[in-house]
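Each step along the sequence shown adds one to the number in our numbering, with nothing skipped, and position 87 is 68.
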Amino acid sequence: MTRLQKTLVSGSPEETAELARRVGARLTPGDTVLLSGPIGAGKTHFVRSLIHSVLDFPEDVPSPTFTLVQTYDTPHGEVWHADLYRVGSVDEVVELGLTDAFDTGICLVEWPDRLGDLAPGDALFIHMEPGATDPDRRLFHIRSSNPKWAEFAVPDTDE
Ligand SMILES: Nc1ncnc2c1ncn2[C@@H]1O[C@H](COP(=O)(O)OP(=O)(O)OP(=O)(O)O)[C@@H](O)[C@H]1O
Ligand SMILES: [Mg+2]
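The structure is reproduced here in structure tokens:
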């Protein structure tokens, strides 16, 4: 991966997986990673790569497009993978148990705009932007108010 000012550039799915592994290695219960970006940006690819890297034993990591949430027992703690694309209200987010999981588990959330005010303020926000011409290029805009993520993220002073 290449670092432009305040932006990481991935040139391939494998480079994105490498970033996902580096983030995954640091995760502990109570951490939340929010992944935004358009359809096909690579949010599920990032999460799948991350979960594969933290699992003790190989396991399928299906996209939670229809189940909304998939959970995994990992050596880091319980990992929740949520895809909120089809979620219509914040009540549904609470019903899924996601707000409790923000406190106790490790949450990896696609389409986090659906969370409204429920998004944890100290989350790692990753916005994936497809490159303009190269179909394998992605720009990563990463921010967090949590100093734990300083290696990857621009400090978020809005929180
Ligand atoms: N640099 C890259 N990083 C991530 N994925 C890439 C990259 N280059 C190509 N891809 C491909 O882009 C596709 C991304 O699909 P993926 O399902 O991860 O997107 P998504 O953001 O989860 O979409 P959705 O909003 O529909 O859930 C994958 O087929 C992946 O191999
Ligand atoms: Mg997806």
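Backbone N, C-alpha and C fix where the C-beta goes; we use that ideal spot for every residue, glycine too.
Can you tell which of the options has the C-alpha that lies nearest to the C-alpha of residue i?
i: H122; options: L16, Y66, L79; result: L16
i: T48; options: H62, K(-13), A113, S125; result: H62
i: F38; options: Y53, T46, L89; result: Y53
i: S(-9); options: L120, R2, V75, R7; result: L120
i: P93; options: F106, D81, I87, E76; result: F106
Check this for me: beta carbons of residue i and residue j, under 8 angstroms apart or not?
i: T13; j: F83; result: yes
i: P45; j: D72; result: no
i: R(-16); j: S30; result: no
What is the residue span of the beta strand (DSSP E) that residue i lies within?
i: V42; result: That residue, V42, is in no beta strand (DSSP E); it is neither H nor E in DSSP.
Measuring only the C-alpha atoms, how far is residue i from residue j?
i: G21; j: R118; result: 12 angstroms
i: L149; j: P10; result: Residue 149 falls outside the range modelled here, since the chain spans only -18 to 140, and no answer is possible.
i: R95; j: G69; result: 7 angstroms
i: L8; j: L99; result: 20 angstroms
Which residue marks the beginning of the alpha helix (DSSP H) containing residue i, and which one marks its end?
i: I32; result: 24 to 35
i: R3; result: -6 to 6
i: E76; result: 71 to 76
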